[in-house]
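Residue numbers (my numbering): -8 to 163.
Okay, structure first, notes after.
Below, the structure is given as structure tokens:
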């Protein structure tokens, strides 16, 4: 009987841990002061690439009684948020500019990116990003969108958060 109770206790603890990390991500938020669809060009400010890894390495020896020793399962991913934003905006019909020019200023938005937070979700962590769209000629905030993302690595988190934020913005 004690073994059954111990099994139920461990099973319940494991279920709580797994279900605690399976809750939904927060709903993306959008602030829209003007329609971003009125603009044709986008200038995405420079961002730094991020490399992240996940996995394990048993190294030399280790394992259980010499079994499973020397195993490695490491996944390394790199993301440049500006590249992801540029790709997503191109899908929505924006022409991505490599530099700002006075001739196109009236039809151009400047796009800024920032990581605005993170939170633990069970055994994983979600990353929150905020993307701002600023008018190139008036320097006024047109809109902003914020969303969380969670994947296998931090790079996946950022990629998913950017896609969720922009999808929410263009769904309105």
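Note that CB positions come from ideal geometry on N, CA and C, so glycine has one too.
What you are looking at is a predicted structure, and each value in this text was computed from that prediction instead of being measured.
**Of the residues -6, 22, 29, the one placed nearest residue 97, counting alpha carbons only** = Residue mapping note: residue 97 aligns to position 106 of the chain shown, counting from 1. Ranking the options by Cα distance to residue 97, first place goes to 29.
**Request:** Enumerate in chain order the residues of its own chain whose CB-to-CB distance from residue 135 is below 8 Å, with the five nearest sequence positions on each side excluded.
**Result:** Taking the chain shown and counting its residues from 1, one reaches residue 135 at position 144. Excluding positions up to five away in sequence, the list reads 21, 22, 121, 122, 123, 124.
**Asked** If you drop the 5 nearest sequence neighbours on each side, which residues of the same chain put their C-beta closer than 6 Å to that of residue 32?
**Response** Here residue 32 corresponds to residue number 41 of the chain shown, with the count starting at 1. Cβ neighbours of residue 32 beyond the five flanking positions: 86, 88, 95, 98, 99.
**Prompt:** According to DSSP, what are the bridge partners of residue 35?
**Reply:** Here the question's residue 35 lines up with position 44 in the chain shown. Looking at the DSSP assignment, residue 35 forms a beta bridge with 102.
**Asked** Can you give the Cα-Cα distance for residue 41 and residue -6, rounded to whole angstroms?
**Response** Numbered from 1 along the chain shown, position 50 holds the residue referred to as residue 41. Numbered from 1 along the chain shown, position 3 holds the residue referred to as residue -6. CA-to-CA, the gap between residue 41 and residue -6 works out to about 47 Å.
**Helix, strand or coil at residue 17 according to DSSP, with G and I counted as helix** = Along the chain shown, one-based indexing puts residue 17 at 26. Looking at residue 17 - three-state DSSP - the assignment turns out to be coil, as it is neither helix nor strand.
**Prompt:** Starting from residue 116 and walking both ways along the beta strand (DSSP E), at which residues does that stretch end?
**Reply:** Reading the chain shown from its first residue, position 125 is the one you call residue 116. For residue 116, the uninterrupted beta strand (DSSP E) segment begins and ends at 115 to 126.
**Prompt:** Three-state secondary structure (DSSP) at residue 139?
**Reply:** Counted from its first residue, the chain shown places residue 139 at position 148. Three-state result, residue 139: strand.
**Request:** Can you say whether residue 148 is buried or exposed, counting buried as having 16 or more other CB atoms within 10 angstroms of its CB?
**Result:** Start at 1 with the first residue of the chain shown, and residue 148 comes out as number 157. With at least 16 other beta carbons inside 10 angstroms of its own, residue 148 counts as buried.
**Asked** Going by C-alpha distance, which of 81, 144, 74, 83 is nearest residue 116?
**Response** Within the chain shown, residue 116 is the residue found at index 125, counting from 1. Checked all of 81, 144, 74, 83; the closest Cα to residue 116 is 144.
**Asked** Which residues bound the alpha helix (DSSP H) around residue 158?
**Response** Walking along the chain shown from the start, residue 158 turns up at place 167. From DSSP, the alpha helix (DSSP H) with residue 158 extends over 145 to 162.
**Asked** How about residue 77 and residue 35: do their beta carbons lie closer than 8 Å?
**Response** The count along the chain shown starts at 1 and reaches residue 77 at position 86. The count along the chain shown starts at 1 and reaches residue 35 at position 44. A contact, by the Cβ cut-off of 8 Å.
**Message:** Less than 8 Å between the C-beta atoms of residue 112 and residue 14, yes or no?
**Reply:** On the chain shown, residue 112 is found 121 positions in, with the first residue counted as 1. On the chain shown, residue 14 is found 23 positions in, with the first residue counted as 1. In this structure, the beta-carbon distance from residue 112 to residue 14 falls below 8 Å.
**Request:** Closer than 7 Å by C-beta to residue 101: which residues in its own chain qualify, once you throw out the five before and the five after it? Chain order, please.
**Result:** For the purposes of this step, residue 101 is taken as residue 110 along the chain shown, with counting starting at 1. Closer than 7 Å at Cβ, skipping near neighbours: 34, 36, 125, 127.
**Asked** With distances taken between CB atoms, is the gap from residue 45 to residue 69 smaller than 8 Å?
**Response** On the chain shown, residue 45 is found 54 positions in, with the first residue counted as 1. On the chain shown, residue 69 is found 78 positions in, with the first residue counted as 1. No; because the gap between Cβ atoms is not below 8 Å, this pair is not in contact.
**Message:** Can you list, in chain order, the residues of its chain with a C-beta nearer than 7 Å to that of residue 38? Leave out the 5 residues immediately preceding and following it.
**Reply:** Sequence index remark: in the chain shown, residue 38 carries index 47 (1-based). Correct list, in chain order: 71, 72, 73, 104.
**Message:** With the cut-off set at 8 Å, would you say residue 152 and residue 43 are in Cβ contact?
**Reply:** Here residue 152 corresponds to residue number 161 of the chain shown, with the count starting at 1. Here residue 43 corresponds to residue number 52 of the chain shown, with the count starting at 1. The answer is no: Cβ separation not under 8 Å.
**Message:** Taking its Cβ as the centre, do 16 or more other Cβ atoms sit within 10 Å of residue 150, making it buried, or is it exposed?
**Reply:** As a working mapping, residue 150 is identified with position 159 in the chain shown. It counts as buried.
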